[in-house]
């Protein structure tokens, strides 16, 4: 069973939003990556997004593109991503892990076999960037059968006519991509985010998390006022490679403080 | 695709050719893809749109181009009677312009102001920059930094035509990476930008739409061979990177059971070296750049680098309809090495006075292999998809003519 609903229930009881922290599995190498992953809950991450490295990350900006290249060069793979999740699970039974990436490595493995392996490794959710609802039937039934949430992406281009199509497969939470663009580049205005979250809530009862372009504790706090979660990826990934694991975890702590203080 | 009486009914309404094709793109792009699909469906049925397309092909591109009997190659190969379809004589020097004319008309019809495209050899980039100049649209071409060095004359040509050329340094800095960056641009500029894909790949409706625009090649061949020989050809041969020139030639003949159809992939240094671009022969089905198709990839599903002496074939995938035609067995797919293509390049140049593109030289090389074993009454059409002026530096280097290489 996915750990995601319990985690949002807990955050709601604490009257706060969740911090969703993204790291790329195996970046810059397996040991450092595992150390950061294992340190995320203590630093205040409520949910972890674990990036699955891919050679052709079409929806990512430079920070995550380079992270994927470093991870692959250091021997990263889909199999190793699940091994890292499993190692994390050995000492943390509560923090949800969502794996995020592109479809081809999963297709190469086989969607059914992959979903079973991911569940066995303690994965709670999937975000597959290039698997829109039109093609998702080949994966969603296997995710569901293994108790894994299929987390859908909604964007500024998903209008009211399209949202029901996108949300039909959704479980766990809904990820709102706040800009039309790639990860780690520009940021949306707070007004635009407020309006988008309000619009999404008219279409779904699932928690709504906002990502793309959130870099600072202040931005995370602003998002946390209206959304159920703030997703930060590129800023953490960039800090990890530029300054090291301790500084990356310090940034996560600062982001968590921002999110936790947002509604007080 | 359930109609077994025809190979020409695909794709289905969701853009699938059997298990291939589809729309594997980020959600941000899905509404745009659906808009392109709706706009193209309307344009396809609009006689005015089709009339303008045909008129530009005639008066701007210079169609119909000839179907030339290759007298001296036929004699040298000693078998089949060989004809060359002269796409090299089109404005801008290759078949790429056919598709660009069609798509620029669609972009204008959709009210788009800015055009983006990817290019490998630069032929599609030049053709895109050309139609943007013709229609006064802003043009941004993504090109791998490695290819920019290999294809310098085409880069300057694009600049002269008013296009911005953005060097792509991610990944291996070739065509695949240029396509990634074009998709990133599109996702970031959803309101005013149209992505003009250069081959029969990408998310639906691109594979079908580009095919439709390129089918003028095969339709002309049918008319011309009937006029010149009084019957249909016995075989068709074309090179394949993404596969647009081949699809344009093949598609009008797919339901002619008597026509043998052969697609030629780039075997680079040889299939056994692992350094090639033969997706069908050396790859397996996967998902990249919006479609499911045969891809060069490792066990983990990571995309591997392609290699070919021809930058236009240097791509680890292939159009999804080719993957379907491969699995269905209707089309034979073979491969030709860099060295074999180079030999055919020289032979065609000397025998016919036609300098073929290195891409097209792959088709010629396979024709050379099989023509001798066929009877003299066998009619073979080889698609001369482009001219080789852009390749003279590459060829000079490959032949060791370093001194000459410095002069061109």
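Protein chains in written order, with our numbering: chain V, -6 to 257; chain F, 3 to 410.
The C-beta atom is built at its ideal place from N, Cα and C for all residues, glycine as well.
Query	Result
Check whether the Cβ atoms of residue 223 of chain F and residue 87 of chain F lie closer than 9 Å to each other.	yes
Could you tell me which chain F residues have their CB closer than 7 Å to the CB of residue 100 of chain V, listed as they occur along the chain?	288, 289 and 303
List the residues of chain V whose Cβ lies closer than 8 Å to the Cβ of residue 33 of chain F, in chain order.	150, 151, 152 and 155
Under 9 Å, Cβ to Cβ, is there at least one residue of chain V near residue 198 of chain F?	no
Have a look at the DSSP bridge pairing and note the partners of residue 22 of chain F.	F:19
What did DSSP end up calling residue 410 of chain F once you bin it into helix, strand or coil?	Any reading at residue 410 of chain F is ruled out, since the residue's pLDDT is 46, under 50, leaving its predicted position unreliable.
Measuring straight from C-alpha to C-alpha, what distance separates residue 41 of chain F and residue 124 of chain F?	27 Å
Apart from the five residues on each side of it in sequence, which residues of its chain come closer than 6 Å, Cβ to Cβ, to residue 427 of chain F?	No information on residue 427 of chain F is available, as it lies outside the stretch 3 to 410 that chain F covers here.
Indicate whether at least one CB of chain F lies closer than 9 Å to the CB of residue 125 of chain V.	yes
So that I know if they touch, is there some Cβ in chain F lying closer than 9 Å to that of residue 89 of chain V?	no
Which of helix, strand or coil does DSSP assign to residue 11 of chain F?	coil
Could you tell me if residue 177 of chain V is buried or exposed, where buried requires 16 or more neighbouring beta carbons within 10 angstroms of its beta carbon?	buried
Determine the DSSP secondary structure at residue 153 of chain F, reduced to helix, strand or coil.	coil
Once you ignore the five residues that flank residue 17 of chain V on each side, which residues in its own chain have a CB closer than 7 Å to its CB?	44, 46, 57, 60, 61, 64 and 230
Run through the DSSP bridge pairs and tell me what residue 203 of chain V is partnered with.	V:169 and V:223
Could you give the distance in angstroms between the alpha-carbon of residue 13 of chain F and the alpha-carbon of residue 297 of chain F?	20 Å
Whether or not the region 287 to 297 of chain F and the region 98 to 111 of chain F are in contact is what I'm after, with contact meaning three or more pairs of Cβ atoms, one per stretch, closer than 8 Å; do they touch?	no
What does a CB cutoff of less than 7 Å around residue 307 of chain V pick up in its chain, not counting 5 residues either side in sequence?	Chain V is shown only over -6 to 257; residue 307 of chain V falls outside these bounds and no answer can be derived.
Does the separation of the CB atoms of residue 99 of chain V and residue 107 of chain V fall below 9 Å?	yes
Taking the alpha carbon of residue 195 of chain V as the reference point, which residue from V:217, V:204, V:167 and V:0 has its own alpha carbon closest?	V:167
Roughly how many angstroms separate the alpha carbons of residue 191 of chain V and residue 147 of chain V, rounded to a whole number?	13 Å
Could you tell me whether the Cβ of residue 113 of chain F comes closer than 9 Å to any Cβ of chain V?	no
Just to confirm, is the Cβ distance from residue 84 of chain F to residue 105 of chain F under 9 Å?	no
Does residue 321 of chain F pass the burial test, meaning 16 or more other C-beta atoms within 10 Å, or should it be called exposed?	buried
Listed in chain order, which residues of the region 47 to 58 of chain V have Cβ atoms closer than 9 Å to some Cβ of chain F?	47, 48, 49, 50, 51, 52, 53, 54, 55 and 58
Could you give the DSSP three-state label for residue 151 of chain V: helix, strand or coil?	coil
Could you say which of V:133, V:161 and V:30 lies nearest to residue 81 of chain V if we only look at CA atoms?	V:30
Could you give the distance in angstroms between the alpha-carbon of residue 39 of chain F and the alpha-carbon of residue 207 of chain F?	6 Å
Counting only beta-carbon separations shorter than 9 Å, does residue 65 of chain V have a partner in chain F?	yes
Closer than 9 Å between beta carbons: that is the criterion. Which residues of the region 208 to 234 of chain F meet it against chain V?	none
If we ignore side chains and look at the alpha-carbon of each, how far apart do residue 251 of chain V and residue 4 of chain V end up?	14 Å
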